[in-house]
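Notes for the one structure printed next.
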Amino acid sequence: MVSKPSPAQVARFAERFPALGAEPRLQIIRLLLSAHPTGMVVGEIQDELGIPPSTLSHHLEKLKQVGLVAVRRDRQFLWYTADTSALQGLLSFLYEECCTRSRAVSPKAPVQVPGSKESGPEEQKETNA
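According to the numbering used here, the sequence shown is numbered sequentially starting from 90.
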């Protein structure tokens, strides 16, 4: 059995959820996960997502502040990587504390593929569009 998170841990998780609520930030995380573990430089992220430089900088800084991305300097380049342990912690918290404790989600199938018969009506609409 996993130990109950401390109030400080819950507060940290609460900071991270809104950071992922902005579509550009979620796109950045998805892109960085696809480039894991190497990561990407800012120019590559910008080219891939088409986000203006100042806006991208703002979103990367927010993700860094809440601990969802890490940055390292390699000569003149800043490399951004998704912090997979932070993301795993966030998913574990959501699943263990919010879903399975009340048995709202079956532990056998915590993730459903969009378009599957178990996915919700919103996902089904998106895949049928």
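Note that CB positions come from ideal geometry on N, CA and C, so glycine has one too.
Rounded separation between residue i and residue j - CA only
i, j, result
"residue 293", "residue 150", "The chain is shown only over 90 to 218; residue 293 falls outside these bounds and no answer can be derived."
"residue 107", "residue 164", "33 Å"
"residue 135", "residue 175", "23 Å"
"residue 185", "residue 177", "12 Å"
"residue 218", "residue 104", "In this prediction, residue 218 has a pLDDT of 46, which is less than 50 and means its spatial position is unreliable; what the coordinates show is noted afterwards. Their backbone Cα atoms lie some 33 Å apart in a straight line."
"residue 131", "residue 115", "16 Å"
"residue 125", "residue 187", "28 Å"
"residue 109", "residue 92", "25 Å"
"residue 155", "residue 161", "16 Å"
"residue 111", "residue 138", "14 Å"
Cβ of residue i within 8 Å of any chain D Cβ
i, result
"residue 110", "Of the chains in the structure shown, none is chain D; there is only one protein chain."
Buried or exposed by the 16-neighbour rule on C-beta atoms within 10 Å, applied to residue i
i, result
"residue 216", "Its pLDDT being 45, under 50, residue 216 is placed unreliably in this model, and the value from its coordinates should be taken loosely. When all chains shown are included, residue 216 counts as exposed."
"residue 182", "buried"
"residue 148", "buried"
"residue 128", "buried"
"residue 99", "exposed"
"residue 166", "exposed"
"residue 152", "buried"
Rounded distance between the beta-carbons of residue j and residue i, thought under 8 Å
i, j, result
"residue 140", "residue 113", "6 Å"
"residue 102", "residue 179", "6 Å"
Count the C-beta pairs between the stretch 154–172 and the stretch 111–128 that are closer than 8 Å, then say yes if the count reaches three, no if not. Contact holds: three or more Cβ-Cβ distances are below 8 Å.
Which runs of the beta strand (DSSP E), 3 residues or longer, sit entirely within the stretch 142–173? Entirely contained in the stretch 142–173, the beta strand (DSSP E) runs reaching 3 residues are, in chain order, 158–163, 166–171.
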